[in-house]
Every structure is written in C-alpha cells, then in structure tokens.
C-alpha cells in the first residue's frame, strides 16, 4: 500500500494536531455530480453500481479528483448487511431503500444468520481494495455501515417510515425479540467493519439514521448500547496505525454526552447544535464531525463561506474537528459549491491550528 | 360563563398545587374516534368541519364526553391564519395541509395583510364560544395557533417538505424578507390568540412543528424570537384569571433552556428527552407538558400504564407537569387506550401531589 500523503482526517479524528481542519462531505459521491450520474447510468441501477467493485471505486474517486477533499468514503449503502442476510435490497424511484422480504415475525428474526463478509459481502471488500489502489495514498478511505437499530428499522418496516410504528410496537411490546435482532446486527456489523478494515478502510463510521426518533431511555437501550458493543469489539488498528471510529446519530444532539461516552473516537453532529456548545459538552473525550446545514450548499459562495467561518469560529482553536455537512449533500447542489466549501474550510481554518 | 369545576390544567401550567397530574392529548379530537369520523363525514371535508363552528364544537366535545380528560382544545388547524391571509388552505388526501397560493417571491410577502380575527377568522371565535357553552365549566378550553416560523414554512413551500429547501434558501439568502414575513405572522397570531382568549379560550398554545429542523442559531433568530414576541404581547388574563401560554417546538429538546427563557408559562417536550432531565434543565422557570411517545398508544394497556408510571416517576413530586403525548395521537390508536392513559395518569400521579 502507498504511504498516506494526507492524514489530516485521521489525525483530527484522534484529536492530534493538524495544519488545517480536514473536510469531507456525506454522500460526496452522489447525484449532484454529472460524472456520478454518467457512471450510474452505465451501471443501470444504484444496487448494480454498488455491487460492481470497479464502478463503485470509480464513483468513490470522482469527488477526490474534482475537489481537494481530505477523505474518500467507499461508495456503498448503509443496508448492505441485511441485504447479505437475504432481505433483498432495492430502491424504489424517489422513495429510498426498501427490502423485498422484510421481517414480519419473531420466526423470521430467528431464521437470520450472520453473513460472511468475505463471501456474502465480497463486492464491498473488493471495492475497498480497488479504492485504496486508486487513491494511492492521496487521502484516507472511510468504510461504514448503518447502525444496528437503523438496520432493524428498515428490516422490520421494509423501508423508510414516518412513525416507525412496526419497530416501535415491537420495541414496546416484545423488547426481547428486538434485542435479539439488534445483537445479531451488531455482531454482523463488527465482522463487516473488521473485514473492511482488513481490506484497507482506514477509518470507519456508523450511521444511525433513525435512532433520533426514540424516547430518551429507549435510545440508550436499543441504539446506543449496540453502537457501544460495536465500538468495543471492532478492530481498532491496521498497518500499525489506529483506525478511528465515528458514530453519528442524526437528531441525537440532545444525548451528546451519552454518545460521547461509548468509546468512539469521534461523534458526528447535525446542524441543530452549535458546534462550540457541542465541544463544551463533550470536552476532550471525542472529536466532532459536522455540522453545516446541507441547505446552505444551495445558496451562494458568499453565504457558504460565511457559514463555514461561523462554524470554524464556534469550534475555536485546536484539533478535534472534521468539517462535514450535518446530513448528506442534496442532489440539487451545484458541484462548484463543494469546491467553495473545501477551499473555505482549508483557508479559514488555518489560523485556528497555529 | 359557568365557573370552572376542574382547573387542574390551569393550575399545573402555572405550577400551582394540584391533586393529580392533569392530562390531555394532542389531536384528541381526531380520526381514532369513530364519532369524529362520523361528524367529519357529515361535514364533507376537514376544512368544512373546521369552518363550521357547530360541527367543530361537536368534535371538540366528543373526547371530553368519552374520557376523563382535564382539558379541551378547540378543533381547528395550525394554519388558519395564513388561510385568512388568502393562501387557500386545503388538505390533499394522505398528504397533510397545503396552500393553493404559496408565497413565491418577496412581492407576495409584501402584499400580505393582517387578517381581522373577528371577521376573517370569525368561524374560530364562534367555535370557541360554542365550545365554552358546551363545556359548561367542566374543563378549561385551550386555543392555539401554529408558530410564525411553522406558518412561514407552509406559506413558502406550499405544504410539508422533507428538507424545506425553499424556506432555508430564503433564510440563508434573503433573511430580511423572511424576517418581514415572520414579524407579520407574529403580529397576526397575537391578534388571533387575543381574539380566542376574548371569545373564551382559557389557555393558549403555540405549535412550532418545524422549528426543530433549523440550525441552532437560526432557530433562535427565526423561530424562538417570534415565539417570544408573541408571548410578550399576547393577552395573559381573562375573567380575572391568568391565561397560561404553552410553547412547543417539536424536536427542540436540545434548546430547552432557551425555550424556557422566553416568558411562556409552559413548554411542551417531545419524547426524545427524559422529562426528569427536562425538569432539571428548566428548573422552576416553566411547567412542562408531555411526553409519551404516541406509538406507545398502539401497544397494550399494561405497556401504556408502565410508560405512564415511568414518566410520572421521572418528573417526580410536585406540580408543574401536564401529561400529554409528545406529538399528536395517531389514527390507529384504539379509543379504549386513551381511557387507559387518562386513568393511569390520574391514579398513579396522586402520590406525587400529596
């Protein structure tokens, strides 16, 4: 493997000194990029694109070629693990991910087996290896998975939901069955992330998209506990270097102290919390990743720059901040606005690292 | 007017001693009740039901007749004010509220005028008066409106939205124009709530359904500041008795201290925060209203009772708690579960008020 020429991301995630605040963008390989749309059209569908290691690596590298980003994230989906369990992932146009065979009873949960990442999810490991070769040490590669609870939401509901009535009825009515599923998901995710790290992922991130709709104590018991199980079990070193773990619960700002206490290196925060306040609340326990409102990316270069400066100023001096949006970039973002963002983060953060 | 025989709600909102924790349910006059559906069918549509004072009063009273609730809330919608400004409120089946003529530019905002509640919104005032007559002092009547920011969201987007891209682009790109709209909305809402209080509303509530999707500082500037403007201007007394004001920002738990500081008597909280923690954070500044996850209402009487006891226990001893859900009750709730809820709150709260 080539030596890493830009390790700002890994250093910032471990709160080690950096020259500038690193920046990457959730969903940076996505539909706002014409070259992504061209590759996706060639693939035929999102799932085919994701399952082709060559094409997945191609779109992973596209934003790295176009912008001065400090990290790549392997092009994939948060729901690969349940797909490998046989649930049948597909994307209904304009509707987000769905499963052909959602879990409809406790028997269906009992029947699930742990996937073998090196065979059942080999396409992801191959994509990771291709990405690492393509990156050639330019920036680190992030691997990821959805969280155990977020996976369970889609596995039980069969897709997104406004109120997650099925999941919540199981949670309130038969918690033991939901715990069984969450434990299985957590063990599957540990294997999956370990395999990604073995294949070359240099940091890993857990996306807890739906934990934020839980009642406070339920969040701790049904989402955070399983994030902690993963953080405490996953491989944390590769090639003699620490592999940082980032956890991100969308809508979880109210529980920030608890999230910061599970042993992850970094915590993602959405835009509902001022990042300076978030920093005061987590102290020196974790680095923070975030937290620009993605809607700012639809405005003007001047407005983007002003928001970037405001976030950098709020975080203040020192390391421990990875700049990002608070959610995925929208497909309507002009690509040149990402260049504005990256340039602004690098330029204006420099004084905070002197 | 008849003297009030059950004033638990008003006393709890003012943190005065009560014998039991009062309870009411957001959207308690709604589609989970067969008698509501029958009246709505007679009316022909939601909007016709809302605009008929007789039928609106009829559905307002239905849950009071069926359950031992401690408050009625006038049957209406959070968007009556922009409808009275001429935007044309309607409900697309299964899609929530929409406006026929959303605001598409600054000129449209400049052209808006303040509605006269006694003429343009007379149907609400007539409904309030009919409700008071029908209640005959059994329980107090709550009046309400959407918040200035929530109104602006629907006025600009034309309906609900996943990302509120139009509102946020205006906010980041032309904040002065959005402030102009918010100020107009706030002034219109003050007149509207004053008129409801004049007509007989004994407490008023502001529903800030969408403030929770704002970035921290933007929430303060574009939603909370206008809630404060209303709280500081609205009439706070009628018939020699204080009229409490409740503010509720869905998803606002992370900003709880700020919300508690604007001068309202009570703050609504959704289920994402433990109510005991919320109480510690607000201290003795405000009462709290909430915060059962509405999905609990879909489970079993035993599970509902357990959750009620847990919330009561977390809040602890003393007044200052109005039991409610953290969001509107869903249409799939068995009506008998509301009886279970009300009974459990009354029965199990009694020791906390000795």
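Residue numbers (our numbering), protein chains in the order written: chain A, 1 to 354; chain B, 355 to 708.
Glycine included, every Cβ here is placed at the ideal spot set by N, Cα and C.
Rounded to whole angstroms, what is the Cα-Cα separation between residue i and residue j?
i, j, result
"residue 444 of chain B", "residue 479 of chain B", "20 Å"
"residue 500 of chain B", "residue 510 of chain B", "15 Å"
"residue 435 of chain B", "residue 320 of chain A", "47 Å"
"residue 211 of chain A", "residue 428 of chain B", "34 Å"
"residue 114 of chain A", "residue 423 of chain B", "49 Å"
"residue 523 of chain B", "residue 341 of chain A", "17 Å"
"residue 104 of chain A", "residue 671 of chain B", "42 Å"
"residue 409 of chain B", "residue 453 of chain B", "23 Å"
"residue 355 of chain A", "residue 148 of chain A", "This structure leaves residue 355 of chain A out entirely; chain A is present only between 1 and 354."
"residue 710 of chain B", "residue 635 of chain B", "In the structure as shown, chain B begins at 355 and stops at 708. Residue 710 of chain B is therefore absent and cannot be evaluated."
"residue 238 of chain A", "residue 198 of chain A", "7 Å"
"residue 556 of chain B", "residue 632 of chain B", "25 Å"
"residue 359 of chain B", "residue 494 of chain B", "9 Å"
"residue 485 of chain B", "residue 420 of chain B", "16 Å"
"residue 24 of chain A", "residue 547 of chain B", "47 Å"
"residue 123 of chain A", "residue 92 of chain A", "22 Å"
"residue 312 of chain A", "residue 382 of chain B", "45 Å"
"residue 292 of chain A", "residue 303 of chain A", "12 Å"
"residue 338 of chain A", "residue 287 of chain A", "23 Å"
"residue 704 of chain B", "residue 375 of chain B", "7 Å"
"residue 325 of chain A", "residue 567 of chain B", "14 Å"
"residue 706 of chain B", "residue 106 of chain A", "39 Å"
"residue 372 of chain B", "residue 637 of chain B", "19 Å"
"residue 655 of chain B", "residue 220 of chain A", "24 Å"
"residue 322 of chain A", "residue 519 of chain B", "25 Å"
"residue 668 of chain B", "residue 659 of chain B", "14 Å"
"residue 698 of chain B", "residue 664 of chain B", "11 Å"
"residue 610 of chain B", "residue 570 of chain B", "12 Å"
"residue 661 of chain B", "residue 650 of chain B", "8 Å"
Could you tell me if residue i is buried or exposed, where buried requires 16 or more neighbouring beta carbons within 10 angstroms of its beta carbon?
i, result
"residue 333 of chain A", "buried"
"residue 331 of chain A", "exposed"
"residue 450 of chain B", "exposed"
"residue 289 of chain A", "buried"
"residue 133 of chain A", "exposed"
"residue 111 of chain A", "exposed"
"residue 119 of chain A", "exposed"
"residue 294 of chain A", "buried"
"residue 392 of chain B", "exposed"
"residue 2 of chain A", "exposed"
"residue 606 of chain B", "buried"
"residue 594 of chain B", "exposed"
"residue 53 of chain A", "buried"
"residue 398 of chain A", "The structure shown has nothing for residue 398 of chain A, since chain A only spans 1 to 354."
"residue 94 of chain A", "exposed"
"residue 162 of chain A", "exposed"
"residue 455 of chain B", "exposed"
"residue 388 of chain B", "exposed"
For residue i, which residues in chain A fall below 9 Å Cβ to Cβ?
i, result
"residue 607 of chain B", "216, 253 and 254"
"residue 424 of chain B", "None at all; the shortest Cβ gap to chain A is about 23 Å."
"residue 697 of chain B", "Chain A residues near residue 697 of chain B: none, gap ~19 Å exceeds 9 Å."
Closer than 7 Å by beta-carbon distance: list the chain A residues that pair up with residue i, in chain order.
i, result
"residue 380 of chain B", "Within chain A, no residue comes near residue 380 of chain B; the closest Cβ sits about 14 Å away, beyond 7 Å."
Applying a beta-carbon distance threshold of less than 7 Å, which residues of chain B neighbour residue i?
i, result
"residue 298 of chain A", "519 and 523"
"residue 330 of chain A", "517"
"residue 105 of chain A", "Result: empty, since nearest Cβ-Cβ is about 17 Å, beyond 7 Å."
"residue 239 of chain A", "What residue 239 of chain A touches in chain B: nothing, since even the nearest Cβ is about 38 Å away."
Which residues in chain B sit within 8 Å of residue i, going by Cβ to Cβ distance?
i, result
"residue 118 of chain A", "Correct list: empty, because the minimum Cβ distance to chain B is about 37 Å."
For the ligand MG, is there a heavy atom less than 7 Å away from the beta-carbon of residue i?
i, result
"residue 680 of chain B", "No copy of the ligand MG appears in this structure; indeed no ligand is present at all."
Could you list which residues in chain A have their beta carbon closer than 8 Å to that of residue i, in chain order?
i, result
"residue 509 of chain B", "The premise fails here: residue 509 of chain B is roughly 18 Å from chain A at the closest Cβ pair, so nothing lies under 8 Å."
"residue 480 of chain B", "Per Cβ cutoff of 8 Å: no residues; residue 480 of chain B is ~34 Å from chain A at best."
### Query
Going along the chain, which residues of the stretch 167-197 of chain A sit with their C-beta nearer than 9 Å to a C-beta in chain B?
167, 168, 169, 171, 172 and 173
### Message
So if I threshold CB-CB distances at 8 Å, which residues from the stretch 619-639 of chain B count as touching chain A?
### Response
625, 626, 627, 628 and 631
### Query
Counting pairs of Cβ atoms below 8 Å between the stretch 241-260 of chain A and the stretch 199-213 of chain A, do you hit three or more?
yes
### Query
Can you list, in chain order, the residues of the stretch 200-223 of chain A whose Cβ is nearer than 9 Å to any Cβ on chain B?
212, 213, 214, 215, 216, 217, 218 and 219
### Query
Would you call the stretch 228-246 of chain A and the stretch 269-278 of chain A in contact, with 3 or more CB pairs under 8 Å?
no
### Task
Check whether the stretch 184-198 of chain A touches the stretch 220-232 of chain A, counting contact only when three or more Cβ pairs, one atom from each stretch, lie closer than 8 Å.
yes
### Query
Counting pairs of beta carbons, one from the stretch 1-16 of chain A and one from the stretch 38-46 of chain A, are three or more of them closer than 8 Å?
no
### Message
Under 7 Å, CB to CB, which of the residues in the stretch 651-677 of chain B have a partner in chain A?
### Response
652, 653, 654 and 657
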